[in-house]
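*Asks:* In the UniProt record's numbering, the protein residues as written are 1 to 95.
#1: Helix or strand or just coil, what does DSSP make of residue 23?
#2: Say yes only if the C-beta of residue 54 is nearer than 6 Å to one or more non-hydrogen atoms of the ligand NAP, and no if none qualify.
#3: In angstroms, rounded to a whole number, what distance separates the CA positions of residue 79 and residue 94?
#4: Look at the alpha carbon of residue 28 and the alpha carbon of residue 53, and state the distance between them as a whole number of angstroms.
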């Protein structure tokens, strides 16, 4: 069993704390690094979760803004059409 494999396996399975091929001395040698890597994994998982929440909120917000733009566009088109009709009526009355 390689040291790299042992470190990876203990990260995935913290209950694995000893190995036949790795001495106690070498384990203690890598323990600070292993703990540091575990902490980094926890931080990265939290950051990933935070970013996923941010992405979801951004998508929801953009959907809301898009719907507001469509509604505003619909209202403006209706207003423009109404004004054109009024202009047409007033121009025919003037002639």
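The beta carbon of each residue, even a glycine, is placed where N, CA and C say it ideally should be. Just so we're clear, the structure is a prediction, and the values are computed from it rather than from any experiment.
*Replies:* Let me spell this out:
#1: As a position in the chain shown, residue 23 is number 23, starting the count at 1. Residue 23: coil per DSSP, three-state reduction.
#2: Ligands in the displayed structure: none, and consequently the ligand NAP is not present.
#3: Position 79 of the chain shown, counted from the start, is the residue given in the question as residue 79. Position 94 of the chain shown, counted from the start, is the residue given in the question as residue 94. Cα to Cα, residue 79 sits roughly 22 Å from residue 94.
#4: Start at 1 with the first residue of the chain shown, and residue 28 comes out as number 28. Start at 1 with the first residue of the chain shown, and residue 53 comes out as number 53. Cα-Cα distance, rounded: 38 Å.
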